[in-house]
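Undergrad: One point on numbering: in the UniProt record's numbering, the residue at position 457 of the sequence shown is 457, and numbering is uninterrupted. We put the beta carbon where it would ideally sit given N, CA and C, even for glycine.
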Amino acid sequence: MDLKYVQTTCPYCGTGCSFNLVVKDGKVVGTQPYKRSPVNEGKVCPKGTYAHEFVNSPDRLTKPLIKKDGKFVEATWDEAYDLIAQKFKSYKPDEIACLSSARVSNEENYLLMKLARGVFKTRHIDHCARLCHASTVAGLAASFGSGAMTNSILDIAESKCVFVIGSNTFEQHPLIGRKIVQAKLNGAKIIVFDPRYTPTAKQADLYASFYSGTDVAVLNCLMGEIIRNGWEDKEWVSKRAKGYEELKATVTSDTYLPENVEKISGIAAADLKTAAEWIGTAESSALLYSMGITQHTVGVDNVKSTANLQMLTGNIGRRGGGVNALRGQNNVQGACDMGALPVVFTGYQKVIDEAVHKKFADAWGFPDGICEPKNGYEVTVMFNVLTDNPGELKAMYIMGENPMLSDPDLTHAEHALEQLEFLVVQDIFLTETAQHADVVLPATCYAEKEGTQTSTERRVQMWRKAQDPPGEAKVDWQIISEVAAAMGYADQFPYQSAEEIFNEIAALTPSYHGMNYERLNRPEALHWPCPTEDHPGTPILHIGKCSHPDGMGVMHPIEWKPPAEVPDDEYPYILTTGRCLWHWHTGSMTRRSATLDTEVPTGWIEINTEDAKELGIANKEMVRATSRRGTVDVPAKVTDEIKKGVMFMPFHFAECAANRLTNNALDPIAKIPEFKACAVKVEKITEA
Ligand code: SF4
Numbered sequence: 001m002d003l004k005y006v007q008t009t010c011p012y013c014g015t016g017c018s019f020n021l022v023v024k025d026g027k028v029v030g031t032q033p034y035k036r037s038p039v040n041e042g043k044v045c046p047k048g049t050y051a052h053e054f055v056n057s058p059d060r061l062t063k064p065l066i067k068k069d070g071k072f073v074e075a076t077w078d079e080a081y082d083l084i085a086q087k088f089k090s091y092k093p094d095e096i097a098c099l100s101s102a103r104v105s106n107e108e109n110y111l112l113m114k115l116a117r118g119v120f121k122t123r124h125i126d127h128c129a130r131l132c133h134a135s136t137v138a139g140l141a142a143s144f145g146s147g148a149m150t151n152s153i154l155d156i157a158e159s160k161c162v163f164v165i166g167s168n169t170f171e172q173h174p175l176i177g178r179k180i181v182q183a184k185l186n187g188a189k190i191i192v193f194d195p196r197y198t199p200t201a202k203q204a205d206l207y208a209s210f211y212s213g214t215d216v217a218v219l220n221c222l223m224g225e226i227i228r229n230g231w232e233d234k235e236w237v238s239k240r241a242k243g244y245e246e247l248k249a250t251v252t253s254d255t256y257l258p259e260n261v262e263k264i265s266g267i268a269a270a271d272l273k274t275a276a277e278w279i280g281t282a283e284s285s286a287l288l289y290s291m292g293i294t295q296h297t298v299g300v301d302n303v304k305s306t307a308n309l310q311m312l313t314g315n316i317g318r319r320g321g322g323v324n325a326l327r328g329q330n331n332v333q334g335a336c337d338m339g340a341l342p343v344v345f346t347g348y349q350k351v352i353d354e355a356v357h358k359k360f361a362d363a364w365g366f367p368d369g370i371c372e373p374k375n376g377y378e379v380t381v382m383f384n385v386l387t388d389n390p391g392e393l394k395a396m397y398i399m400g401e402n403p404m405l406s407d408p409d410l411t412h413a414e415h416a417l418e419q420l421e422f423l424v425v426q427d428i429f430l431t432e433t434a435q436h437a438d439v440v441l442p443a444t445c446y447a448e449k450e451g452t453q454t455s456t457e458r459r460v461q462m463w464r465k466a467q468d469p470p471g472e473a474k475v476d477w478q479i480i481s482e483v484a485a486a487m488g489y490a491d492q493f494p495y496q497s498a499e500e501i502f503n504e505i506a507a508l509t510p511s512y513h514g515m516n517y518e519r520l521n522r523p524e525a526l527h528w529p530c531p532t533e534d535h536p537g538t539p540i541l542h543i544g545k546c547s548h549p550d551g552m553g554v555m556h557p558i559e560w561k562p563p564a565e566v567p568d569d570e571y572p573y574i575l576t577t578g579r580c581l582w583h584w585h586t587g588s589m590t591r592r593s594a595t596l597d598t599e600v601p602t603g604w605i606e607i608n609t610e611d612a613k614e615l616g617i618a619n620k621e622m623v624r625a626t627s628r629r630g631t632v633d634v635p636a637k638v639t640d641e642i643k644k645g646v647m648f649m650p651f652h653f654a655e656c657a658a659n660r661l662t663n664n665a666l667d668p669i670a671k672i673p674e675f676k677a678c679a680v681k682v683e684k685i686t687e688a
């Protein structure tokens with residue numbers, strides 16, 4: 001029996017845990033602890049424990065598929081490439097859009113970005129960061145000059161106060177939750193504000209439930225209390241921040257007095273005062289947030305408000321402090337770093353900057369140039385353009401994304417995809433989105449390739465190949481290179497290994513300049529920025545100065561605005577959406593894991609016990625949830641652990657898809673949809 005252990009990095013959440021894949025007779029059969037990673041020290045959550053189970057699923061795509069007369073038929077790679085090249089050559093650059101992926105490696109995101117801008121010459125490339133943390137990238141960049149988590153995961157355990165708002169850390173980033181527990185054991189106070197009494201909330205010294213969409217009011221209230229009591233860090237504010245007086249005028253106004261914010265948010269004034277005191281007087285205070293903050297029409301405002309609070313209390317560039325934006329998918333940070341965004345090349349170098357544009361054009365050497373130096377469409381805008389201006393976008397290339405389950409208002413998303421003349425999907429399973437494709441290309445999962453991914457704390461870590469791909473499936477970077485060659489650009493895609501691609505990335509990306517596979521191939525890997533080959537990496541950003549050219553942090557006075565859709569007589573409840581411990585995003589991997597899918601086999605809607613009583617709904621009864629955009633039949637979970645007037649659905653499940661109901665109203669800057677607040681009604685199902 002041939003048995004080996006291959007150390008790699010988890011393909012699920014942005015924590016970036018390491019484990020060993022157990023390989024028997026050439027096939028991945030299990031996971032085992034890898035104890036040398038400082039991130040998780042040999043521990044993993046249930047998703048990581050069973051991360052081998054989907055790898056050899058019988059549902060894996062093994063051959064290219066071409067749709068003929070509405071049905072998929074198997075094809076050769078050459079047939080698929082010929083059709084893709086023929087079609088994409090027939091479109092103008094601005095008629096093509098590409099979606100890259102937070103699931104694949106940095107190298108593959110970089111290459112899809114190069115394919116889009118260099119081969120297709122389109123401005124339109126984006127990926128699902130638009131749906132989760134686009135507000136973080138925009139909000140933190142405006143505040144600090146860099147749009148990423150400021151501190152490290154290990155640093156959270158050193159904090160003396162941990163304030164969690166808009167994150168169910170114990171279910172979504174369980175091994176970061178472990179750091180909160182370690183902080184608590186070290187004497188830290190834990191504050192959790194969330195509409196649901198989550199497993200994270202149960203660890204809190206102070207928990208308060210609040211209405212989804214009232215974050216700015218809550219954060220302004222905390223800052224007003226801190227200033228009125230003189231708890232602000234006067235030295236930090238005077239030496240390192242701009243905009244304090246304007247911020248002070250806003251947050252100390254009567255609107256944000258605790259008694260008034262109690263009425264807006266539902267948090268008792270006394271709890272707001274206690275939280276302000278704990279945060280304002282702690283030696284260090286870390287703020288953790290996730291999509292409860294970002295997925296709003298005011299997502300950027302929310303993010304800037306978290307940055308305001310942390311600057312006000314001097315918790316930027318400080319151990320145990322920071323704005324810890326917990327990125328969702330394994331490589332969503334990396335996909336952003338690699339320029340799979342419509343406004344930047346790698347390392348957030350702006351597309352509209354002529355010098356940057358020339359740098360990439362010169363380095364890539366396309367004889368007929370690259371895309372124009374103009375910003376492209378965000379994924380949410382692409383889908384609106386498809387429905388509102390038919391014919392403007394005609395073809396799309398989607399790698400490893402599933403908008404037919406992840407996007408808001410799925411009826412709209414489906415209608416948008418139907419407008420395309422030609423759709424290519426590159427994935428490991430025939431997802432809900434792939435079913436709409438004209439060509440499907442079978443790709444590889446994390447266990448079948450080398451590459452790097454960048455976790456939420458900017459730590460760049462390696463995947464290592466444990467088994468061969470199934471059937472004729474190919475590594476994603478190889479597929480992209482072969483598509484480029486079919487389009488006539490083989491010379492620009494000469495790669496023989498992921499390492500060669502990484503070296504090209506490092507050469508073009510200042511924050512990755514000092515990285516190479518030799519340096520990354522060790523348990524602690526490296527945090528960016530790592531500008532030179534002797535630089536140790538940067539676990540904590542903004543020590544001494546922020547990343548703006550003048551080194552200053554920028555405080556933004558922000559007024560609270562309600563969500564785009566609020567409850568009314570017809571739709572009287574707020575619906576918020578999210579994830580659970582056992583599944584991951586659109587479930588394409590976890591629902592094909594027997595253990596995980598047995599544990600939680602379908603979705604549900606959480607209803608407060610009093611609301612359920614008024615509606616005559618019993619626990620586990622099938623109910624009908626309806627918004628202005630759609631209707632879903634879903635089992636009820638009646639519980640006291642959600643605020644009265646608020647309902648919750650996980651979005652992993654196609655058979656009761658929460659995103660049939662959600663609102664595609666967008667943040668005006670980040671273009672992120674408001675997944676966390678829309679108005680619904682819920683009824684008993686009376687017909688047979
Ligand atoms: Fe994987 Fe995240 Fe679980 Fe770690 S916490 S094992 S990275 S899903």
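Let me confirm a value: H415 is counted as buried when at least 16 other C-beta atoms fall within 10 Å, else exposed. Which label applies?
TA: Classification for H415: exposed.
Undergrad: How is N151 classed by DSSP in three states: helix, strand or coil?
TA: Residue state, collapsed to three classes: coil.
Undergrad: Does the distance between the C-beta of N40 and the nearest non-hydrogen atom of the ligand SF4 fall short of 7 Å?
TA: Yes.
Undergrad: Could you tell me whether any non-hydrogen atom of the ligand SF4 is closer than 7 Å to the CB of T598?
TA: Not so, every heavy atom of the ligand SF4 lies at least 7 Å from the Cβ.
Undergrad: Where do the N-terminal and C-terminal ends of the alpha helix (DSSP H) with V261 fall, by residue?
TA: Start and end: P258 to S265.
Undergrad: Return the CA-CA distance between E499 and E107, expressed in angstroms with no decimal places.
TA: Using only the alpha carbons, I get a separation of about 8 Å.
Undergrad: Considering I165, what are the terminal residues of the alpha helix (DSSP H) in which it resides?
TA: First-last for I165: C161 to I165, but that is the beta strand (DSSP E), not the alpha helix (DSSP H).
Undergrad: Give the straight-line distance between the Cα atoms of Y512 and A625, rounded to the nearest whole angstrom.
TA: So the two alpha carbons sit approximately 47 Å from each other.
Undergrad: Measuring only from the beta carbon, is Y211 closer than 7 Å to any heavy atom that is part of the ligand SF4?
TA: False, no ligand heavy atom lies under 7 Å from that Cβ.
Undergrad: Would you kindly work out how many angstroms separate the C-alpha atoms of M149 and K24, rounded to a whole number?
TA: Answer to the nearest angstrom: the Cα atoms are 38 Å apart.
Undergrad: In chain order, which continuous runs of the beta strand (DSSP E) of length 3 or greater are located wholly inside the stretch 54–78?
TA: The stretch 54–78 contains these whole beta strand (DSSP E) runs: 65–68 and 71–74.
Undergrad: Report the start-end ranges of each beta strand (DSSP E) in the stretch 623–649 that is 3 residues or longer and not cut off at the edges.
TA: Whole beta strand (DSSP E) segments, 3+ residues: 631–639.
Undergrad: At which residues does the alpha helix (DSSP H) containing V244 begin and terminate?
TA: According to the sequence shown, residue 244 is Tyr rather than Val. Looking at the DSSP string, the run of the alpha helix (DSSP H) that includes Y244 is Y244 to V251.
Undergrad: Please look up how many angstroms separate the CB atoms of L423 and M396, rounded, as I've assumed it's under 8 Å.
TA: Between M396 and L423 the Cβ distance is about 5 Å, and since that is below 8 Å, they are a contact.
Undergrad: Whose beta carbon lies closer than 5 Å to any heavy atom of the ligand SF4, going through the chain in order?
TA: That query returns the following residues: C10, Y12, C13, T15, C17, V44, C45, K47, G48, P174 and L175.
Undergrad: Give me the Cα-Cα distance between E606 and P536, rounded to the nearest whole angstrom.
TA: Looking at the two C-alpha atoms, the distance is approximately 46 Å.
Undergrad: Taking just the CA atoms, how far does D215 sit from I293?
TA: In a straight line, the C-alpha of I293 is about 7 Å away from that of D215.
Undergrad: Is it the case that the CB of C371 approaches a heavy atom of the ligand NAP more closely than 7 Å?
TA: Inclusion of the ligand NAP in the displayed structure is not the case, the ligand content consisting of the ligand SF4 alone.
Undergrad: Along the chain, where does the alpha helix (DSSP H) containing M311 start, and where does it finish?
TA: G299 to L312 is the extent of the alpha helix (DSSP H) around M311.
Undergrad: Taking 7 Å as the limit between beta carbons, can you name the residues of its chain near S146, skipping five residues before and five after?
TA: Hits under 7 Å: L140, L541 and S547.
Undergrad: Residues in its own chain within less than 8 Å of F210 by CB, not counting five upstream and five downstream?
TA: The residues are F193, D194, P195, V218, S265, G266, I267 and K643.
Undergrad: Would you kindly work out how many angstroms separate the C-alpha atoms of L430 and A437, rounded to a whole number?
TA: Their backbone Cα atoms lie some 10 Å apart in a straight line.
Undergrad: Pick from F651, L661 and A679: whose alpha carbon is nearest that of C132?
TA: Out of F651, L661 and A679, F651 has the C-alpha closest to the C-alpha of C132.
Undergrad: Assign H527 to one of three DSSP states: helix, strand, or coil.
TA: Correct three-state label for H527: strand.
Undergrad: Out of A679, D667, L257 and A204, state which residue places its alpha-carbon closest to the alpha-carbon of D301.
TA: Closest option to D301, Cα to Cα, is D667.
Undergrad: Which class does V119 belong to by DSSP, given the choice of helix, strand or coil?
TA: Helix.
Undergrad: Looking at the secondary structure, which residues open and close the beta strand (DSSP E) in which D337 lies?
TA: From DSSP, D337 is part of no beta strand (DSSP E) but of the alpha helix (DSSP H) over V332 to D337.
Undergrad: Have a look at the DSSP bridge pairing and note the partners of N324.
TA: N324 pairs with L288.
Undergrad: If contact is defined by three or more beta carbon pairs under 8 Å, each pair taking one atom from either stretch, is the stretch 169–177 in contact with the stretch 14–31?
TA: Judged by Cβ distances under 8 Å, the stretch 14–31 makes contact with the stretch 169–177, as three or more pairs qualify.
Undergrad: For the candidate residues A618, G26, S305 and N324, whose alpha-carbon lies nearest to that of N220?
TA: Answer by Cα proximity: S305.
Undergrad: Here's a check: name, in chain order, each residue in its chain whose Cβ is nearer than 7 Å to the Cβ of L83, leaving out the five neighbours to either side.
TA: Excluding sequence neighbours, L83 sits near I66 and V439.
Undergrad: What does the Cβ neighbour count give for E245, buried or exposed, with the cut at 16 atoms within 10 Å?
TA: Under this definition E245 is an exposed residue.
Undergrad: Would you say T297 and P563 are within 8 Å of each other, going by their C-beta atoms?
TA: Contact flag set, yes.
Undergrad: Determine the extent of the alpha helix (DSSP H) in which R459 is found, giving its start and end residues.
TA: That residue, R459, is in no alpha helix (DSSP H); its beta strand (DSSP E) goes R459 to W463.
Undergrad: Assuming the contact rule is C-beta atoms closer than 8 Å, S90 and S167 should be a hit. Round their C-beta distance to whole Å, please.
TA: At roughly 46 Å, the Cβ-Cβ gap does not stay under 8 Å, so S90 and S167 are not in contact.
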